[in-house]
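**Q**
There are 2 protein chains.
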Amino acid sequence: MSAQASTQPRKIEIREANQALILEAAEKIFAMNGFRGAATSDIAREAGIPKANVHYYFKTKEDLYREVLRHILNDWMSAASTFEAHNDPAEALRTYVKAKMEFSRNRPYGSRVWAREIMSGAPVLEDFLGTTLKTWLRERSRIIRAWIREGKIKPVEPQALLYMIWATTQHYADFERQIIILNNGKKLSNRSYRQRTEQLVELVLGSVGLNGGVKGKGQCPKDKSA
Amino acid sequence: MSAQASTQPRKIEIREANQALILEAAEKIFAMNGFRGAATSDIAREAGIPKANVHYYFKTKEDLYREVLRHILNDWMSAASTFEAHNDPAEALRTYVKAKMEFSRNRPYGSRVWAREIMSGAPVLEDFLGTTLKTWLRERSRIIRAWIREGKIKPVEPQALLYMIWATTQHYADFERQIIILNNGKKLSNRSYRQRTEQLVELVLGSVGLNGGVKGKGQCPKDKSA
DNA sequence: GTCTATAATCTGATAGAC
DNA sequence: GTCTATCAGATTATAGAC
Chain A
425 MSAQASTQPR KIEIREANQA LILEAAEKIF AMNGFRGAAT SDIAREAGIP
475 KANVHYYFKT KEDLYREVLR HILNDWMSAA STFEAHNDPA EALRTYVKAK
525 MEFSRNRPYG SRVWAREIMS GAPVLEDFLG TTLKTWLRER SRIIRAWIRE
575 GKIKPVEPQA LLYMIWATTQ HYADFERQII ILNNGKKLSN RSYRQRTEQL
625 VELVLGSVGL NGGVKGKGQC PKDKSA
Chain B
425 MSAQASTQPR KIEIREANQA LILEAAEKIF AMNGFRGAAT SDIAREAGIP
475 KANVHYYFKT KEDLYREVLR HILNDWMSAA STFEAHNDPA EALRTYVKAK
525 MEFSRNRPYG SRVWAREIMS GAPVLEDFLG TTLKTWLRER SRIIRAWIRE
575 GKIKPVEPQA LLYMIWATTQ HYADFERQII ILNNGKKLSN RSYRQRTEQL
625 VELVLGSVGL NGGVKGKGQC PKDKSA
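Respectively, the protein sequence lines represent chains A and B.
Anchor point for the first sequence: position 7 equals 431 in my numbering, and the numbering is continuous, going up by one each time.
Anchor point for the second sequence: position 203 equals 627 in my numbering, and the numbering is continuous, going up by one each time.
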């Protein structure tokens, strides 16, 4: 009891501040090089903290890696939870795509750590994928099938749709470098990114037979006899 | 002269066979761990060749890595070239999505090496992205804009559409492990994969206002007053 | 061309003075 | 709690016998 009660606040603050610094640096370095390719010395340098202290706060590189993934999972799941904010398919899909795009914008490193972890065979995320995510996917698929049954959207395979949304939104984080190069070396501005998000929403809505707020030309297939 | 003319065929065959073995192994190991995370000893073991011989055929790890990327680029580009096989948007998009999905199925390791290279800042692919790919993207965007002008497809931002196709098709290679886990630990069968490809084609066509061969319910937006 | 042995460097982790 | 010094093992690459 006394140990916990009497712990000096200042020391706790230092600890938490340093841990936060290290976690942020680690996310960036793991995003850049993956678990095996990342050196703790790189993480220490990025965090501006001596390497020995990194090992003081996180016993092993793997412990640190798991902690980084845990933080990412939290934010990923909170984006995922927006899916059921609305009953209307258009609103639900729009909200979800937006949340995923915001995650990609705000946590690009986190997204890349995730991607690298999966590409390495998901040794750490395996449990999460097989339990929480699997359940999430099953429940969301059920919702989508209900929309189809009620005639609210076109008949599509729920998994194909959800994978498309995941892949496309995460692409803006994971392939940011490629997108920048193709955009003449300039990062997408906040404005461009918001527009792109809207364009994506329209594409996704169109893919299930809904057409959001397209004003211009017809959304129904034209007679395309060229 | 004599040097080249008299080179023994058998030795050349050995060289080419070993180089092919090493390249194949390297693609797999680089896909798993990225450039920095991959050890040449791992590559040698995977290829069933002594480590020293790997360095005999490829002077440095970086040389080998560049060579692996070069091979991937070739195949990537030949999938890309299918885009203009048809004038009709529906046929062009269908053919392209199929080609990309086949690439993901046949070269999953290559796809992952590419993804990791980009996530590492594209140090090697930078030139290719800024020249060949940029040109490709610009020309394909022009084609898509022409389709829109001619009223053949809905007005969409070409880049948003192409990125969606890239991201989604590559997802099936890069996130294969996740897809397997979500599929109860089973890899998608050839049949499932072909079906999924068709479902994707339908989603993509729908996203630009075309509706492929959907027989069932209406493709035009229903009155969705729930 | 093959492959064992080894050089030179890097990496994760810890000890121990402050 | 901080940080220099250092160890043990791994990693890239090469030398040199076969």
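Just so it is clear, CB atoms sit at the ideal spot from N, CA and C, and this is done for glycine as well.
1) Report the option in B:L493, B:R490, B:K522, B:E626 whose CA atom is closest to the CA atom of S505 of chain B.
2) For G472 of chain A, count the other beta carbons within 10 Å of its own beta carbon; 16 or more makes it buried, fewer makes it exposed. Which is it?
3) Determine whether the Cβ of G633 of chain A lies closer than 9 Å to any Cβ atom of chain B.
4) Is I453 of chain A near A462 of chain A, with beta carbons less than 9 Å apart?
5) Mind checking if N530 of chain A is an interface residue toward chain B, Cβ cutoff 9 Å exclusive?
6) For S502 of chain A, I'd like the list of residues in its chain whose CB is within less than 7 Å of its CB, leaving aside the five on either flank, ordered along the chain.
7) Please report the straight-line C-alpha distance between P547 of chain A and E541 of chain A, rounded to a whole angstrom.
8) Along the chain, where does the alpha helix (DSSP H) that runs through S565 of chain B open and close?
9) Report yes if the CB atom of A449 of chain B is closer than 9 Å to the CB atom of A468 of chain B, and no otherwise.
10) For a contact meaning CB atoms closer than 8 Å, what does G545 of chain B contact in chain A?
11) What in chain B is Cβ-close to D598 of chain A, meaning under 8 Å?
12) Express the C-alpha separation of Y533 of chain B and R439 of chain B in angstroms, rounding to a whole number.
13) Would you report the Cα separation of I652 of chain A and N614 of chain B, rounded to the nearest angstrom?
14) For H510 of chain B, which residues in chain A fall below 7 Å Cβ to Cβ?
15) What residues in its chain sit with their C-beta under 6 Å from that of K646 of chain B, if we drop five residues either side in the sequence?
16) Below 7 Å on C-beta distance, what does L553 of chain B contact in chain A?
17) Do W560 of chain A and P513 of chain A count as a contact pair if the criterion is CB distance below 9 Å?
18) Does the Cβ of K576 of chain A have 16 or more other Cβ atoms within 10 Å, making it buried, or fewer, making it exposed?
19) Would you report the Cα separation of R574 of chain B and L586 of chain B, rounded to the nearest angstrom?
20) Compute the distance between the beta-carbons of F527 of chain B and D499 of chain B, then report whether it is under 9 Å.
21) Using the beta-carbon count (16 or more within 10 Å), is S616 of chain A buried or exposed?
22) What residues in its chain sit with their C-beta under 8 Å from that of Q583 of chain A, if we drop five residues either side in the sequence?
23) Is there a Cβ of chain A sitting closer than 9 Å to that of G534 of chain B, yes or no?
24) Determine the contact status of A597 of chain A and R529 of chain A, defining contact as a CB-CB distance below 9 Å.
25) Distance cutoff 9 Å, beta carbons only. Does E581 of chain B sit that close to anything in chain A?
26) Run through DSSP, which three-state label would G472 of chain B get?
27) Can you give, in chain order, each stretch of the alpha helix (DSSP H) that sits fully within the segment 462-543 of chain B and has at least 4 residues?
28) Classify Y520 of chain A: buried if its beta carbon has 16 or more other beta carbons within 10 angstroms, exposed otherwise.
29) Leaving aside the five residues before and after F507 of chain B along the sequence, list all residues of the same chain whose C-beta is less than 7 Å from its C-beta, in chain order.
30) Check the Cβ-Cβ distances between M525 of chain A and every residue of chain B, and say whether any is below 9 Å.
31) What separation, rounded to the nearest whole angstrom, lies between the Cα atoms of S631 of chain A and K578 of chain A?
32) Is the beta carbon of A539 of chain B less than 9 Å from the beta carbon of M543 of chain A?
33) Excluding the five sequence neighbours on either side, which residues of its own chain have a C-beta within less than 6 Å of the C-beta of I604 of chain B, listed in chain order?
34) Going by alpha carbons, who is nearest to H510 of chain B out of B:E491, B:L493, B:I568?
35) Comparing alpha-carbon positions, which option in B:T621, B:R618, B:E581 lies nearest E622 of chain A?
36) In whole angstroms, what separates the C-alpha of H479 of chain B from that of N442 of chain A?
**A** This is what the structure holds:
1) Along the second sequence, one-based indexing puts residue 505 of chain B at 81. Taking only the C-alpha atoms, the option nearest S505 of chain B is B:K522.
2) Locating residue 472 of chain A in the first sequence gives position 48, where the first residue counts as 1. The residue in question, G472 of chain A, is exposed, as its Cβ has fewer than 16 Cβ neighbours within 10 Å.
3) Reading the first sequence from its first residue, position 209 is the one you call residue 633 of chain A. So, interface residue.
4) Taking the first residue of the first sequence as 1, we reach residue 453 of chain A at position 29. Taking the first residue of the first sequence as 1, we reach residue 462 of chain A at position 38. Result yes, Cβ atoms of I453 of chain A and A462 of chain A sit closer than 9 Å.
5) Taking the first residue of the first sequence as 1, we reach residue 530 of chain A at position 106. N530 of chain A does not count as touching chain B.
6) Position 78 of the first sequence, counted from the first residue, corresponds to residue 502 of chain A. Counting only Cβ-Cβ distances below 7 Å, and skipping sequence neighbours, we find nothing.
7) Taking the first residue of the first sequence as position 1, residue 547 of chain A is located at position 123. Taking the first residue of the first sequence as position 1, residue 541 of chain A is located at position 117. Straight-line measurement puts the Cα of E541 of chain A at about 7 Å from the Cα of P547 of chain A.
8) Numbered from its first residue, the second sequence carries residue 565 of chain B at position 141. Per DSSP, S565 of chain B belongs to the alpha helix (DSSP H) from 558-573.
9) By one-based count along the second sequence, residue 449 of chain B stands at place 25. By one-based count along the second sequence, residue 468 of chain B stands at place 44. It is a contact, given that the beta carbons lie within the stated cut-off.
10) Looking up residue 545 of chain B in the second sequence gives position 121. Ordered by position in chain A, the residues that pass the 8 Å Cβ test against G545 of chain B are M456, R601.
11) Residue mapping note: residue 598 of chain A aligns to position 174 of the first sequence, counting from 1. Those are A539, I542, M543, listed as they occur along chain B.
12) Mapped onto the second sequence, residue 439 of chain B falls at position 15. Mapped onto the second sequence, residue 533 of chain B falls at position 109. Approximately 23 Å, taken between the alpha carbons.
13) Here chain A has residues from 425 to 650 only, and residue 652 of chain A is not among them.
14) Residue mapping note: residue 510 of chain B aligns to position 86 of the second sequence, counting from 1. Within chain A, no residue comes near H510 of chain B; the closest Cβ sits about 11 Å away, beyond 7 Å.
15) For the purposes of this step, residue 646 of chain B is identified with residue 222 of the second sequence, where counting begins at 1. The predicted model places K646 of chain B with a pLDDT of 38, which falls under 50 and marks its position as unreliable; any figure quoted below should be read in that light. Here the set comprises nothing.
16) In the second sequence, the residue the question calls residue 553 of chain B occupies position 129. Within chain A, the residues near L553 of chain B are Q602, I605, L606.
17) As a position in the first sequence, residue 513 of chain A is number 89, starting the count at 1. As a position in the first sequence, residue 560 of chain A is number 136, starting the count at 1. Going by C-beta atoms, P513 of chain A is not nearer than 9 Å to W560 of chain A.
18) The count along the first sequence starts at 1 and reaches residue 576 of chain A at position 152. Buried.
19) Along the second sequence, read from residue 1 onward, the residue named residue 574 of chain B stands at position 150. Along the second sequence, read from residue 1 onward, the residue named residue 586 of chain B stands at position 162. At residue 574 of chain B the sequence reads Glu, which differs from the Arg that was named. Roughly 19 Å between the two C-alpha positions.
20) Numbered from its first residue, the second sequence carries residue 527 of chain B at position 103. Numbered from its first residue, the second sequence carries residue 499 of chain B at position 75. In this structure, D499 of chain B lies closer than 9 Å to F527 of chain B by Cβ.
21) Walking along the first sequence from the start, residue 616 of chain A turns up at place 192. With fewer than 16 other Cβ atoms within 10 Å, it is exposed.
22) For the purposes of this step, residue 583 of chain A is taken as residue 159 along the first sequence, with counting starting at 1. If we look at Q583 of chain A and ignore the five residues flanking it on each side, its Cβ neighbours are L561, S565.
23) To locate residue 534 of chain B, count along the second sequence from 1; it is residue 110. With 9 Å as the cut-off, G534 of chain B does not count as an interface residue toward chain A.
24) Taking the first sequence and counting its residues from 1, the one referred to as residue 597 of chain A is at position 173. Taking the first sequence and counting its residues from 1, the one referred to as residue 529 of chain A is at position 105. In contact: A597 of chain A and R529 of chain A (Cβ atoms closer than 9 Å).
25) Locating residue 581 of chain B in the second sequence gives position 157, where the first residue counts as 1. Yes, because at least one Cβ of chain A sits closer than 9 Å to the Cβ of E581 of chain B.
26) Locating residue 472 of chain B in the second sequence gives position 48, counting from the first residue. In the structure shown, G472 of chain B sits in coil (DSSP, three-state: anything other than H, G, I, E or B).
27) 464-471, 475-481, 485-504, 513-530, 532-543
28) Taking the first residue of the first sequence as position 1, residue 520 of chain A is located at position 96. Y520 of chain A should be labelled buried.
29) Along the second sequence, read from residue 1 onward, the residue named residue 507 of chain B stands at position 83. These residues qualify, in order along the chain: A516, Y520, R564.
30) Stepping through the first sequence from its first residue, residue 525 of chain A is reached at position 101. So no, M525 of chain A is outside the interface.
31) For this step, residue 631 of chain A is matched to residue 207 along the first sequence. For this step, residue 578 of chain A is matched to residue 154 along the first sequence. Cα to Cα, S631 of chain A sits roughly 8 Å from K578 of chain A.
32) On the second sequence, residue 539 of chain B is found 115 positions in, with the first residue counted as 1. On the first sequence, residue 543 of chain A is found 119 positions in, with the first residue counted as 1. Cβ atoms of A539 of chain B and M543 of chain A: closer than 9 Å.
33) Taking the second sequence and counting its residues from 1, one reaches residue 604 of chain B at position 180. So the qualifying residues of the chain are K611.
34) Counting from 1 along the second sequence, the entry for residue 510 of chain B is found at position 86. When each option's Cα is compared against that of H510 of chain B, the closest is B:I568.
35) Stepping through the first sequence from its first residue, residue 622 of chain A is reached at position 198. For E622 of chain A, the nearest C-alpha among the options comes from B:E581.
36) Within the second sequence, numbered from 1, the residue matching residue 479 of chain B stands at position 55. Within the first sequence, numbered from 1, the residue matching residue 442 of chain A stands at position 18. Distance between the alpha carbons of H479 of chain B and N442 of chain A: 42 Å.
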